[in-house]
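Below you'll find the structure, written out as structure tokens, and then a few comments.
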Amino acid sequence: MINHKRRILVLGPHTDDGELGCGGLMAKRTRLGHEVFYAVFSHCARSLSKGQPSTILKDEVREAAGVLGLDPDKRLVLFDYDVRHFPQFRQNILEDLIALRADIAPDLVLCPSPNDVHQDHATISHEAIRAFKKQSILCYEEPWNNISFSTNSFEFLEKEDLDTKLRALAAYKSQRHRPYFQEDVMRSLAVTRGAQIEGGFAEAFEVIRWML
Numbered sequence: 048m049i050n051h052k053r054r055i056l057v058l059g060p061h062t063d064d065g066e067l068g069c070g071g072l073m074a075k076r077t078r079l080g081h082e083v084f085y086a087v088f089s090h091c092a093r094s095l096s097k098g099q100p101s102t103i104l105k106d107e108v109r110e111a112a113g114v115l116g117l118d119p120d121k122r123l124v125l126f127d128y129d130v131r132h133f134p135q136f137r138q139n140i141l142e143d144l145i146a147l148r149a150d151i152a153p154d155l156v157l158c159p160s161p162n163d164v165h166q167d168h169a170t171i172s173h174e175a176i177r178a179f180k181k182q183s184i185l186c187y188e189e190p191w192n193n194i195s196f197s198t199n200s201f202e203f204l205e206k207e208d209l210d211t212k213l214r215a216l217a218a219y220k221s222q223r224h225r226p227y228f229q230e231d232v233m234r235s236l237a238v239t240r241g242a243q244i245e246g247g248f249a250e251a252f253e254v255i256r257w258m259l
């Protein structure tokens, strides 16, 4: 899908979204020498279970980034927007995205689908489309949130890339209770998408814009 080295920016509304949606691509492209950056807009303190440290997801996303091959001090950007309240901060988020565009100068941006039902995910998607007008944009898949999703681009994954993605997700010990965090869910989705391109493992993406 991407034959030459690129600067890739993954946008995660919340900690774990990028790993769930395109952790395989992140692992593979880092392994192949691409520059991969990860910007996360909330560490979801409001959503934590009683008794969990308020910074636990900050620690977990740093660990996950390291597993994927990203230096968390250089390639991870963490904002602090209040989970489930992104729509009221659309302009602030847009300005942060424009700043990321200037600082990182990505060739390729990955974000949630515009059809994602979670208000925070949809906000990041719509504002990313506004901010990155000269960049290729792919939307990653999170089936539990997508009403519809056009699987019109695929990234083939080696087994080691899928294994790295699963290890990164395992860093989120605080999220293990969520149904979509189960290893068999992620592995089954990778097998299903791989079957669409005649075998192996893959992640599917929805194309918003592809710059030739």
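Quick note, the working numbering runs 47 ahead of the 1-based positions in the sequence shown. For glycine and all other residues, C-beta sits at the position ideal for the given N, C-alpha and C.
Ala237 and Met73 have their C-alpha atoms spaced approximately 14 Å apart.
Membership of Glu174 in any beta strand (DSSP E) is not indicated; the residue belongs instead to the alpha helix (DSSP H) covering 166-178. Cβ contact annotation for Arg76 (same chain, cutoff 8 Å, sequence separation greater than five): Ile49, Arg53, Ile55, Val83, in chain order.
Straight-line spacing of the CA atoms in Ser183 and Trp257 works out to 4 Å. If you compare the alpha carbons of Ala152, Asn192, Arg148, Asp154 with that of Glu174, the shortest gap goes to Arg148. Per DSSP, the continuous alpha helix (DSSP H) segment holding Ala237 begins and ends at 230-243. The beta carbon of Cys69 is closer than 7 Å to those of Val57, Leu157, Tyr187, Glu250 in its chain, skipping five residues each way along the sequence. A direct Cα-to-Cα measurement between Glu142 and Ala152 gives close to 15 Å. In the DSSP annotation of this structure, the continuous segment of the alpha helix (DSSP H) that includes Cys69 starts and ends at 64-78. In the pairwise beta carbon analysis, the stretch 201-216 is classified as not touching the stretch 159-179: fewer than three pairs are separated by under 8 Å. The alpha carbon of Ser89 has as its nearest neighbour, out of Ala215, Val130, His51, the alpha carbon of Val130. When secondary structure is reduced to three states using DSSP, Ile145 falls in the helix class.
For Val87, the three-state secondary structure derived from DSSP is strand. With a cutoff of 7 Å on beta-carbon distance, Tyr85 and Gly71 are scored as not near each other. Taken atom to atom, the span from the alpha-carbon of Ile145 to that of Leu115 is near 25 Å. Under DSSP, no beta-bridge partner is assigned to Glu207. Closest in C-alpha terms to Lys121, from the list Ser197, Lys97, Asp127, Arg109, comes Arg109.
Exclusion of the five residues before and after Ala111 leaves Glu66, Ala215, Ala218 as the residues of its chain whose Cβ lies within less than 6 Å of its Cβ.
Put simply, of Arg223, Val124, Phe196, Ile244 the residue whose alpha carbon is nearest the alpha carbon of Asp150 is Val124. For the pair Ala169 and Asp63, the Cα-to-Cα distance works out to about 16 Å. The beta carbon of Ala178 sits closer than 7 Å to the beta carbons of Leu141, Leu144, Ile145, Arg148 from its chain, once the five residues preceding and following it are set aside; these are given in chain order.
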